[in-house]
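Mapping the sequence shown onto the working numbering, position 52 (from 1) lands on 116, and the numbers just tick up by one.
Glycine residues also receive a C-beta, built at the ideal position from the N, C-alpha and C atoms.
As the structure is a prediction and not an experimental result, all values here were calculated from the model.
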Amino acid sequence: MRDAYRRARLGQEADVLATVEDELPLLHDLGADIRRPAVGISSKFMQVQETETVSEIVLAARGVGSVAEAAALAAAGPGAQLLSTRVVSEDGRATCAFAIGEDE
């Protein structure tokens, strides 16, 4: 997870870390390390987010093209835009995306 975050952040720090609710425990260590809260987003709320990239595997399993992008957009709120599309960690086990809210 740390590698995906490092690759996606483009020199910025996140205000909050977000993922689908059942994967939230995977973010707690990273959140503690960078002193940011980690939040779980409901699958229903993530499925209404329009992602820029689509993984067919993730789409079949989660009903959304990218968990990372959908979580970032949902956490950033209405009118959010992606700052970075999903970036995959070197080991291929984690993805991360950054979004900014309309008010920021």
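What does the alpha-carbon distance come out to for the pair residue i and residue j?
i: V131; j: P142; result: 17 Å
i: G165; j: L147; result: 10 Å
i: V80; j: V152; result: 19 Å
i: R66; j: L94; result: 7 Å
i: V122; j: C160; result: 14 Å
i: L74; j: F109; result: 26 Å
i: I98; j: F162; result: 15 Å
i: G127; j: A68; result: 22 Å
What does residue i pair with, by DSSP beta-bridge criteria?
i: F162; result: S148
i: A82; result: V103
Leaving aside the five residues before and after residue i along the sequence, list all residues of the same chain whose C-beta is less than 6 Å from its C-beta, in chain order.
i: R71; result: V151
Can you give me the Cβ contacts of residue i inside the same chain, cut-off strictly under 7 Å, excluding the 5 residues immediately before and after it?
i: S106; result: E85
Original post:
When the Cβ atoms of the stretch 89-98 are set against those of the stretch 117-126, are three or more pairs found closer than 8 Å?
Top reply: no
Original post:
Can you give, in chain order, each stretch of the alpha helix (DSSP H) that sits fully within the stretch 86-150 and has at least 4 residues?
Top reply: 92-98, 107-111, 120-126, 131-140
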